[in-house]
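Enquirer:
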Amino acid sequence: MKIRILGAHGIDSRDTKFPSILIDDNMALDAGSLASGLSLREQRKVRAVLLSHSHLDHIQGIGALAMHFFTIGSTLEVYGIKDTINALSKHVFNKLIQPDFTQMPSPRRPAIRLHMLEVYKHQVVEDYGILAVPTFHSIPSVGYEVTAGNGKSLFYSGDTGPGLSNCWQYVDPDLIIIDCAGPNTYTPHAPGLGHLTPQLLEKEFMEFLDVKGYLPPIILVHMNPLGDDAVKIAEEISELSADLNTSIQLGYEGMEFYL
Ligand SMILES: [Zn+2]
Ligand SMILES: [Zn+2]
């Protein structure tokens, strides 16, 4: 499984992009930078997107790809829980924000086809085994375990605050890609906003170790890229990585690896 981080930050700019992770060039986890992080040719290879929730920083690329796919007569399969899919129908493809690309150019071959996923139900999407697991954000959200044909799997948390111990029993990832929105100075406010910090992550990882008996390599996304905060996150994560004796890396735009 080839994994490419298109966006690893909570603020969008030329150099820092909203969350999106591309798997084997054809399926994405979240779509924050699914358009801006890919060439037009690369965009055409994307067949499916799994959305963690409906916040703009995770769906931004859907609207852009909708116009592209409408123009070339292609279809993008978009998956999410009921709340996410309903939000897209009602608030994006509502003819005010965007044309209804779920019915155009024709209802049988639309540019965007929306699919509702049930949580805790193993399904196959584009040859990958997938499982949506509820997480803890300010609106209904899920993380995804994605398992490739070679048996390797990753868990992507989407946006989440603390409390993942219940999730861990459902997944067996070889890699965790998880929210770390800010440094430890954010810790008092992060749970209320549905995000994590190095301090809060430590507890989640200790619980993972407790439940599973191992800790896989970890990659962080959704970081605040602003000056002091970015420096502090890097320092605090370096300490945490040493304390836990586990590889914890800050994700970055263009980061690529194989699992
Ligand atoms: Zn969010
Ligand atoms: Zn977000």
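So for the sequence shown, my numbering puts the first residue at -18; every next one is plus one.
Glycine included, every Cβ here is placed at the ideal spot set by N, Cα and C.
All values derive from a computational prediction rather than experimental measurement.
Terminal residues of the continuous alpha helix (DSSP H) containing residue 20?
Expert: Neither: residue 20 is in no alpha helix (DSSP H) and is coded neither H nor E.
Enquirer: Which same chain residues, not among the five before or five after residue 100, have their C-beta less than 7 Å away from its C-beta?
Expert: Counting only Cβ-Cβ distances below 7 Å, and skipping sequence neighbours, we find 62, 113, 114, 115, 123.
Enquirer: Using the C-alpha atoms, what's the distance from residue 223 back to residue 32?
Expert: Rounded to the nearest angstrom, the two C-alpha atoms are 32 Å apart.
Enquirer: Does DSSP classify residue 114 as helix, strand or coil?
Expert: strand
Enquirer: Does the separation of the CB atoms of residue 201 and residue 161 fall below 8 Å?
Expert: yes
Enquirer: For residue -10, verify whether its CB is less than 7 Å away from any heavy atom of ligand 1.
Expert: For ligand 1, not one heavy atom lies less than 7 Å from the Cβ of residue -10.
Enquirer: Considering only heavy atoms of ligand 2, does any lie closer than 7 Å to the CB of residue 39?
Expert: yes
Enquirer: Less than 8 Å between the C-beta atoms of residue 214 and residue 163, yes or no?
Expert: Against a cut-off of 8 Å, the Cβ pair of residue 163 and residue 214 comes out as a contact.
Enquirer: Quick one: using the 10 Å Cβ neighbour count with 16 as the cut-off for buried, is residue 53 buried or exposed?
Expert: Its Cβ having fewer than 16 others within 10 Å, residue 53 is exposed.
Enquirer: Measure from the alpha carbon of residue 30 to the alpha carbon of each residue in 150, 22, 97, then state which is nearest.
Expert: 97
Enquirer: In chain order, what residues of the same chain lie with their CB nearer than 6 Å to the CB of residue 246, ignoring the 5 residues before and after it?
Expert: Past the edges of the chain, shown from -18 to 240, lies residue 246, and the structure says nothing about it.
Enquirer: Assuming residue 97 is part of the beta strand (DSSP E), what are its boundary residues?
Expert: 93 to 97
Enquirer: Would you mind sorting residue 204 into buried or exposed? The rule is 16 or more other CB atoms within 10 Å of its CB.
Expert: buried
Enquirer: Let me check you understand the geometry: is the CB of residue -7 closer than 7 Å to at least one non-hydrogen atom of ligand 1?
Expert: no
Enquirer: Do the stretch 70 to 80 and the stretch 19 to 28 touch if we need at least three Cβ pairs shorter than 8 Å?
Expert: Here the stretch 70 to 80 makes no contact with the stretch 19 to 28; the two share fewer than three CB pairs at distances below 8 Å.
Enquirer: Is any heavy atom in ligand 2 found nearer than 7 Å to the beta carbon of residue 0?
Expert: yes
Enquirer: Is there at least one non-hydrogen atom of ligand 1 closer than 7 Å to the beta-carbon of residue 118?
Expert: Answer for residue 118: yes, Cβ within range of ligand 1.
Enquirer: Using three-state DSSP, classify residue 9 as helix, strand or coil.
Expert: strand
Enquirer: Report whether the distance from the Cβ of residue 224 to the nearest heavy atom of ligand 2 is below 7 Å.
Expert: no
Enquirer: Taking DSSP as the reference, what is the three-state secondary structure of residue -17?
Expert: strand
Enquirer: Label residue 82 either buried or exposed according to how many other C-beta atoms from any shown protein chain fall within 10 Å of its C-beta, with 16 as the threshold for buried.
Expert: Buried.
Enquirer: From residue 132 to residue 190, what does the alpha carbon distance come to, in whole angstroms?
Expert: Taking the straight line joining both Cα atoms gives about 21 Å.
Enquirer: Name all residues in chain order for which at least one heavy atom of ligand 1 lies closer than 5 Å to the residue's CB.
Expert: 36, 140
Enquirer: Can you say whether residue 95 is buried or exposed, counting buried as having 16 or more other CB atoms within 10 angstroms of its CB?
Expert: buried
Enquirer: In chain order, which alpha helix (DSSP H) runs of at least 4 residues are fully inside the stretch 100 to 159?
Expert: 146 to 149
Enquirer: Ligand 2 and residue 203: does any heavy atom of the ligand fall closer than 7 Å to the residue's C-beta?
Expert: yes
Enquirer: Along the beta strand (DSSP E) that carries residue 61, what are the first and last residues, could you check?
Expert: 57 to 61
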